[in-house]
Every structure is written in structure tokens, then in C-alpha cells.
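If you're matching them up, the sequences are chains A and B in order. Residue numbers for the first sequence follow the numbering used here, beginning at 10 and rising by one. Residue numbers for the second sequence follow the numbering used here, beginning at 10 and rising by one. Notes follow the structure.
Protein chains: 2
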Amino acid sequence: MTFPATQTAGSDAHGPAETASSQSPGDDLIELLFFAYRDFVGDPDRILAQYGFGRAHHRVLHFVDRYPGLTIAELLDILRITKQSLNRVLKDLIEQDYIVQKTGTSDRRQRLLFCTDRGTALAGDLIRVQTHRVTRALAEPAPGAGEGGALSAQNFLLAMIEPEERAAVRRLMARRARSAA
Amino acid sequence: MTFPATQTAGSDAHGPAETASSQSPGDDLIELLFFAYRDFVGDPDRILAQYGFGRAHHRVLHFVDRYPGLTIAELLDILRITKQSLNRVLKDLIEQDYIVQKTGTSDRRQRLLFCTDRGTALAGDLIRVQTHRVTRALAEPAPGAGEGGALSAQNFLLAMIEPEERAAVRRLMARRARSAA
DNA sequence: ATTTTATGTCAGTGTTATTGACATATTTCA
DNA sequence: TGAAATATGTCAATAACACTGACATAAAAT
Numbered sequence: 010m011t012f013p014a015t016q017t018a019g020s021d022a023h024g025p026a027e028t029a030s031s032q033s034p035g036d037d038l039i040e041l042l043f044f045a046y047r048d049f050v051g052d053p054d055r056i057l058a059q060y061g062f063g064r065a066h067h068r069v070l071h072f073v074d075r076y077p078g079l080t081i082a083e084l085l086d087i088l089r090i091t092k093q094s095l096n097r098v099l100k101d102l103i104e105q106d107y108i109v110q111k112t113g114t115s116d117r118r119q120r121l122l123f124c125t126d127r128g129t130a131l132a133g134d135l136i137r138v139q140t141h142r143v144t145r146a147l148a149e150p151a152p153g154a155g156e157g158g159a160l161s162a163q164n165f166l167l168a169m170i171e172p173e174e175r176a177a178v179r180r181l182m183a184r185r186a187r188s189a190a
Numbered sequence: 010m011t012f013p014a015t016q017t018a019g020s021d022a023h024g025p026a027e028t029a030s031s032q033s034p035g036d037d038l039i040e041l042l043f044f045a046y047r048d049f050v051g052d053p054d055r056i057l058a059q060y061g062f063g064r065a066h067h068r069v070l071h072f073v074d075r076y077p078g079l080t081i082a083e084l085l086d087i088l089r090i091t092k093q094s095l096n097r098v099l100k101d102l103i104e105q106d107y108i109v110q111k112t113g114t115s116d117r118r119q120r121l122l123f124c125t126d127r128g129t130a131l132a133g134d135l136i137r138v139q140t141h142r143v144t145r146a147l148a149e150p151a152p153g154a155g156e157g158g159a160l161s162a163q164n165f166l167l168a169m170i171e172p173e174e175r176a177a178v179r180r181l182m183a184r185r186a187r188s189a190a
């Protein structure tokens, strides 16, 4: 301990306050999530840069590709951004023929979003590099964990999501399961 | 699972495949990682907003808190941002007395970074809400996975990191293990 | 003594996000 | 039918966070 022993002395009033924050089993996972996400978005970033797109474009393209017929409102709820932020990137993608809008049939106020062939191709390129990383991660020998690595990682990540939101996420992802059938 | 099990193990390059991207077992994890990270950063964001800080400030504060004596160069390598980007947020944190710089003893060119009590307290508040979410996630009943959930999630996330980078990440995190002893 | 390293700083720019206000078309409801 | 709610589009202004390239200083290494 070559460091000045700075007492926590924060708003918490628990006993043995340690130096650099309090130790908890989840602390390592927090950092790993940072590192994992950092590299996870790095792969597609390199591809997107060649098209003059950014992460925002990627997110829109990804969800429209995987959930064809998504409405603007649904997309806003997924991405948790404002209409204006979405509109900017969506306009780019539409103008450059990666996504098309179609007026809803039952509700003609809605704009249903679909990928063009061009859009599907780019989305495919992007998901490929990410799938590659995830697949590799799942295939890694987990020293200590048995074979349920994939499932427990999936469960872990799902459990990371706001409990009130999980049903919505499950519902969304169930749409794919149905449309793939 | 209702997904077509296209076990794409390895770096195979299939044809551009189906309409809405190609189905792969990792695809769900990709989306879950997006949702998980979205909510994961949402917690601290709310606290930071009260201080007029953003995510960039959080990242700096977090790593300085957990690895006291970090140099600028080390921090730049961790965060993968430019000197200028770091300097802006670091200046804020120093001016407002959350972080202090000390000239290195062995190498007086270096500026070793430390949290003040104020900084440690805020870092503690921030890590608390994230630890809470992670701890809760680890405690969730994993339907299908046994007890090795925590370990396999940790392994999964570590495996998500660039292989060439993993040693550096492990080395970094080992610093904590040592200083906590 | 020269070079390299660690850091700081300037000027300019770009992406992604925000808020608030307002407009239009369509659906729903009283 | 008329009023209200909904889905979307758009304007203007702003902020957070990142980038590049250039240049400066101090200290260490050769």
C-alpha cells in the first residue's frame, strides 16, 4: 500500500471502508462489461466508417433488419433516444437506400420500416463480425463453468436489464422467433 | 430454443444468407449486450447528471478510484481515447477537487492520479448502483445453468475482449487483487 | 548532446445526443 | 360530428464527447 489511505467517508455509513471503493464480487464484472463493450462496438465501427456511418446508424439498421416492419415509436422505445436523433440517422439511411418506409396498413399514420437488399447486406456484414466475436467467446474454454456457458451468459445479460423492461425485451425478441418459423 | 441452430463455429464465410440477417446463436446475445449496456450505464448517468458530469467523467473517476496512481498514459490505453478528450474531463475533475495529480517519484515526468475523499465518495456512489445491478443479475435464478453462473458470465465477458488485450486487462485487474491484499 | 518519452495545449471539426416548440395526418372517443 | 389523443415530421439552438494535426515543455534515456 504505497497509496495515501483515503478513507471512503462517503454518504454510506458502513463499517470497514476500504481505500479504492468497496470491494464487491460484481466489481470485476463491471469493468469487464466496460472492456467487452468497448471491443464489441469496435468491430462494426471499422466497417461503418467506410460507409460514413456511425453507431447510431448501426443500431437503427440492426433493429430494422432483425424486426422488419418496426414503427418509429417502437424504435424510439428500443433505442431510448429522441425523435430528432433518430430522424437524422434514419434520413441518412433512407436517402442512401438502406431502409425504406411503408405506410402502415391498419394504421396509416404509422411508418413501417424495412431494410432494402442493400440494407440487409450491410446489416449482415455488421452482425457477422459481432457474431464471430460472441461465438468465439462462447466457444472459449470456461475454466470452472461446465457446458451451460452460453445459456448462463444469456441469462446473465438478460438479468442485467431493468426488470420492468425484460418482458418487453423478451416480447421483442420473440417476434423474431415467430417470423423465423 | 426455437432458433435454427446454425452453429457457425469459427471463421466460416457462408453466403450472405437469408433475408433478415443470418440466424446465429450469438445474435440474441448481441442484442442482449446492447440492452444490458444501455441499462447498465443508465444508472450512473442519473447520478452524474446531478453533478454536471457525463460518462466520460465517470470512466476516468472509476479507473482512478480503483487503480490509484494510474498515469495519464495508462488511462489513455484503458479508455482508448485521445489525450485531448481525456484532458477535458480530467481538468473538470481536478478543478472540482475529485482527483489530484502527483508528480511521479521514480519518473518525474509522470502525473500519478489519485482520488480525493470527494472523488472516492462519488466513485463509491456510482459503483454502488452498478454493483447492485450486477449482484442482482448474478443472484437471478438461471433456468438451465447450474451454479457457475457468476464464473461463466465473467469468463464470457473476458472472452469478449480482444485476445491480444486480455493479458493487459488481466494484468490491470490483478493490480487490484494485489493492492487489496 | 541528441533523441525519446510523458504530458499539456491550441485550433478546428464531426457525430450523437439533448430540449422545446410547432405542424400535419390520422385515429379514437364523447 | 367535433374534440382529443396519437404517430410522425421538422425547426432552431445547444451540449457532451470524440477526432486530427500541430506544437511546446520537461525529464529521462541513449
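Here a beta-carbon is modelled for each residue, glycine too, at the ideal position from N, C-alpha and C.
DSSP, read as helix, strand or coil, puts A:THR112 in strand.
The C-alpha of B:LEU41 lies about 26 Å from the C-alpha of B:ALA177.
Taking CB atoms only, A:PHE165 has a neighbour in chain B less than 7 Å away. For the alpha helix (DSSP H) assignment, the uninterrupted runs of no fewer than 4 residues enclosed by the stretch 37-109 of chain A are, from N- to C-terminal side, 64-75, 81-88 and 92-104. Measuring C-alpha to C-alpha distances from B:ARG127 to each of B:LEU167, B:HIS71 and B:ASN164 identifies B:HIS71 as the nearest. Separation of B:VAL50 and A:HIS67 (C-alpha to C-alpha, rounded to the nearest whole angstrom) is 19 Å. Per the DSSP secondary-structure output, B:ARG120 pairs in a beta bridge with B:THR112.
In the structure shown, A:THR129 falls within a helical segment according to DSSP collapsed to helix, strand and coil.
Look at A:VAL69: its C-beta is not under 7 Å from any C-beta on chain B. B:GLU40 reaches chain A at MET182, counting residues in chain order whose Cβ is nearer than 7 Å. For B:GLY35, at least one C-beta of chain A is nearer than 7 Å to its own C-beta. The straight-line gap separating the alpha-carbon atoms of B:LEU121 and A:GLY113 is approximately 59 Å. C-alpha of A:ALA186 to C-alpha of A:HIS141: approximately 21 Å in a straight line. The beta carbon of B:THR91 sits no closer than 7 Å to any beta carbon of chain A. Residue state for B:SER161 is assigned as helix, using DSSP reduced to three classes. Taking a cut-off of 8 Å for Cβ pairs, the stretch 134-148 of chain B and the stretch 165-175 of chain A touch, as three or more such pairs fall below it. Contact annotation, B:ASP116 with A:ILE136: C-beta distance approximately 45 Å; criterion of less than 8 Å not satisfied. In this structure, the straight-line span from the alpha carbon of B:GLU174 to that of B:PRO34 is close to 25 Å.
Cβ atoms of A:ALA45 and B:MET182 stay farther apart than 8 Å, at about 13 Å. With contacts defined by Cβ atoms closer than 7 Å, A:ARG184 and A:TYR76 form a contacting pair.
Close partners of B:VAL98 in chain A (Cβ separation under 8 Å) are lacking, with about 16 Å as the shortest Cβ gap.
Between the alpha carbons of A:GLN105 and B:PHE123 lies a gap of roughly 48 Å. Proximity of B:ASP48 to chain A, defined by a Cβ-Cβ separation below 7 Å, is satisfied.
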